[in-house]
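Okay, structure first, notes after.
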Amino acid sequence: MVSLISFVIHDFTEWIPDQDDAENARYHYGTHYSSAMIVASYLVRLQPFNQHFIKLQGGHFDLPDRMFSSLKDTWDSASSLNMSDVRELIPEFFYLPEFLNNQNSFYFGRKQNGQLLDNVKLPPWAKNDPHEFIRLNRE
224 MVSLISFVIH DFTEWIPDQD DAENARYHYG THYSSAMIVA SYLVRLQPFN QHFIKLQGGH
284 FDLPDRMFSS LKDTWDSASS LNMSDVRELI PEFFYLPEFL NNQNSFYFGR KQNGQLLDNV
344 KLPPWAKNDP HEFIRLNRE
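Number 309 in our numbering belongs to position 86 of the sequence shown; there are no gaps in the numbering.
Right, here's the structure in full:
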């Protein structure tokens, strides 16, 4: 995804370690775009994925400010703000609106700004409706 944005490509090119031998091969990404933690972090509002997340996180939810809470913030992070954020969308973004709502009323805590972490904040074009988000995302 970072290849879509020219200034990010430049940043990655500048960041590549200045080493070119077999022991220290050059690379763009130090993490993989998909992992159990990425999937569990997106699906943390659903059972049994919240239990997988807790197990992967060492027995507790992550800090509220680091958890999946906003489509805009997630997009901004993956597309330009965080060079190590190379995650991809999971299939549920195209068929499962329930993963965006905290239907089980899990307590994830409060962000540093005092905001309670609950449902995922959707883009304005979704009209705060997870079903509409999924419908439009599939177009």
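Even glycine gets a Cβ: it sits at the ideal position worked out from N, Cα and C.
Alpha carbon of residue i to alpha carbon of residue j, nearest angstrom
| i | j | result |
| --- | --- | --- |
| Gly-281 | Ser-292 | 20 Å |
| Lys-295 | Asn-351 | 13 Å |
| Phe-276 | Asp-341 | 16 Å |
| Phe-329 | Met-290 | 13 Å |
| Met-224 | Trp-298 | Low per-residue confidence applies at Met-224: pLDDT is 47, beneath 50, and the placement is therefore not dependable enough to give any value. |
| Gln-270 | Arg-358 | 23 Å |
| Asp-288 | Asn-360 | 25 Å |
| Lys-334 | Leu-286 | 8 Å |
Span of the alpha helix (DSSP H) around residue i
| i | result |
| --- | --- |
| Asn-360 | 353-360 |
| Phe-276 | 272-279 |
| Val-343 | Element bounds for Val-343: n/a, residue is neither H nor E. |
| Ile-261 | 259-265 |
Cβ-based burial, residue i [other Cβ within 10 Å; buried from 16]
| i | result |
| --- | --- |
| Phe-317 | exposed |
| Ala-259 | exposed |
| Ser-264 | buried |
| Arg-310 | buried |
| Leu-339 | exposed |
Nearest-angstrom Cβ-Cβ length linking residue i and residue j, presumed shorter than 8 Å
| i | j | result |
| --- | --- | --- |
| Pro-314 | His-354 | Not a contact, Cβ separation roughly 16 Å. |
| Phe-272 | Leu-279 | Not a contact, Cβ separation roughly 10 Å. |
| Arg-268 | Asn-324 | 7 Å |
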